Ligand SMILES: Cc1cc2nc3c(=O)[nH]c(=O)nc-3n(C[C@H](O)[C@H](O)[C@H](O)COP(=O)(O)OP(=O)(O)OC[C@H]3O[C@@H](n4cnc5c(N)ncnc54)[C@H](O)[C@@H]3O)c2cc1C
């Protein structure tokens, strides 16, 4: 169908949407609120094989970004080994999970979008949208307007499009953790390249992985019973984070303190949220995707993955459906159950990170037994997430 689509938001779901719509022959323009590309986003993320498969459906090659992360080890803060497992499955062609810097993924997606000739407009914060003349009229905070046959809200956790579709829609739910991270050089700590090391410390969770060039990528999850405000987070300087992190991990075995001390620049706190269930994803010719519709906590490693899958499935539904209303309905039918299960799984995984000192003891025992069972049987509770396969050429609705 020869639609024109407006995409509000130029993050992972917005850029993936631009690529998917272009591939489906649908004209699109991306409107991003910030006036320049957000390349300084400090964290890294792991793309499991389902995310890599969805990127492949977009003809997007990530093999030059980051590094393969085929194994995961779990240890406790006392240094006791909980277990080691594959970090997701290996596809028949040898593809395994890949860990990439968020900023590099954003940049590569954006460059690909530009190469395919899709327009991206920066400094365009969507303020209002209304159905008009069989399409949608969007108004931006700078007073400008744009029109299209449909509006895709890829505008993240605090989505304006979500609010426009349903003013009563639930918003983001605080997850109890603040993420801090960095990149360390010149230290031998961190384990073998290609392995994600997860350490369930006495007071906080720590993860690190060694890039083949020797740089160690690390992240810590600090517990905060009450949600910090953006102003509180902004007031915490790098020295303060470093001091807190060293204090939190000083009694734990493992590389955390050495890595924190060897890091020049600590990337400051992102608060963990999720958005478990938004009752209305679409109204008239407006729809939300990615974090706007169903953000998940980082623990399950699937937020970006779900955003990319959404983009592929929505473009296929628009490509194959008789009209926009049917395409939106088909999209929701194909996506809702999967993404909400992923959000719930993320919440459960996060629960393991936020336990107090007494509950940590049975947790470590239960995790050790579960890891042994998984190693013996090959039954990974996230298997259903990874084995979802999207094929661009198959009709929408036939994803396995
Ligand atoms: C610390 C951390 C670690 C993570 N680790 C993983 C992982 O290992 N694996 C994984 O798959 N996922 C991970 N995630 C999740 C993943 O990063 C997100 O799920 C993903 O970025 C969501 O993409 P999105 O495009 O929907 O939202 P975003 O990336 O937030 O993009 C939204 C965009 O919309 C723009 N915008 C906002 N409002 C407007 C408006 N009104 N008008 C126009 N533009 C607007 C914003 O500026 C932004 O560019 C992690 C997240 C965090 C915070």
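Numbering (the numbering used here), first residue to last: 17 to 416.
Glycine residues also receive a C-beta, built at the ideal position from the N, C-alpha and C atoms.
Since we're looking at a predicted model, the values are computed, not measured.
Check	Outcome
Using only the heavy atoms of ligand 1, determine whether one of them is closer than 7 Å to the beta carbon of residue 211.	no
Helix, strand or coil for residue 28, going by three-state DSSP, please let me know.	helix
Hey, would you say residue 99 sits closer than 8 Å to residue 388, going by beta carbons?	yes
Comparing C-alpha positions only, which one of 275, 284, 242 sits nearest to residue 256?	284
Please list, in chain order, all residues of the same chain as residue 93 whose beta carbon is under 6 Å from its beta carbon, the five residues on each side excluded.	217, 218, 268
In chain order, what residues of the same chain have a beta carbon less than 6 Å from the beta carbon of residue 293, not counting five sequence neighbours either side?	356
From the DSSP output, in three-state form, read off residue 246 for me.	helix
In or out: residue 25 buried (at least 16 other Cβ within 10 Å) or exposed?	buried
Tell me which residue opens and which closes the beta strand (DSSP E) that residue 147 is part of.	142 to 148
Go to residue 163, then tell me how far its beta strand (DSSP E) extends in each direction, as first and last residue.	161 to 164
Around the Cβ of residue 192, are there at least 16 other Cβ atoms within 10 angstroms (buried) or fewer (exposed)?	buried
Distance check for residue 68 and residue 337, CA to CA, integer angstroms please.	25 Å
Tell me which residues share the same chain as residue 361 and place their Cβ nearer than 6 Å to its Cβ, disregarding the 5 neighbours each side in the sequence.	316
Just to confirm the assignment, what range does the alpha helix (DSSP H) spanning residue 353 have?	340 to 367
On the three-state DSSP scale, how would you describe residue 38?	helix
Which of helix, strand or coil does DSSP assign to residue 278?	coil
Do residue 71 and residue 88 have their CB atoms nearer than 8 Å?	no
Looking at the structure shown, is residue 310 part of a helix, part of a strand, or coil, going by DSSP?	helix
Measuring alpha carbon to alpha carbon, tell me which residue in 312, 329, 227, 197 is nearest residue 207.	227
Are the beta-carbon atoms of residue 234 and residue 247 separated by less than 8 Å?	no
If you compare alpha carbons, which of 413, 381, 319, 363 is closest to residue 334?	413
Let's see if you can read the secondary structure: which residues bound the beta strand (DSSP E) around residue 122?	Per DSSP, residue 122 belongs to no beta strand (DSSP E); it is in the alpha helix (DSSP H), 118 to 131.
Any chance the CB of residue 86 is under 7 Å from a heavy atom of ligand 1?	no
Under a Cβ-count criterion, where at least 16 other Cβ atoms within 10 Å of its own Cβ denotes burial, should residue 262 be classed as buried or exposed?	exposed
Would you mind sorting residue 347 into buried or exposed? The rule is 16 or more other CB atoms within 10 Å of its CB.	buried
For residue 395, which residues of its own chain have a beta-carbon under 8 Å away from its beta-carbon, when the five flanking residues on both sides are left out?	389
Among the candidates 143, 264, 343, 150, whose CA atom is the shortest distance from the CA of residue 157?	143
Should residue 122 and residue 48 be called a contact, given that it needs their Cβ atoms to be closer than 8 Å?	no
Please report the residue range of the alpha helix (DSSP H) in which residue 78 lies.	It is not in any alpha helix (DSSP H) - residue 78 carries neither H nor E in the DSSP assignment.
Report whether the distance from the Cβ of residue 141 to the nearest heavy atom of ligand 1 is below 7 Å.	yes
Measuring only from the beta carbon, is residue 357 closer than 7 Å to any heavy atom that is part of ligand 1?	no
Out of curiosity, what's the CA-to-CA distance linking residue 141 and residue 131?	23 Å
Have a look at residue 231 and residue 399 and give me their C-alpha separation to the nearest angstrom.	30 Å
Just how far apart, CA to CA, sit residue 188 and residue 175?	10 Å
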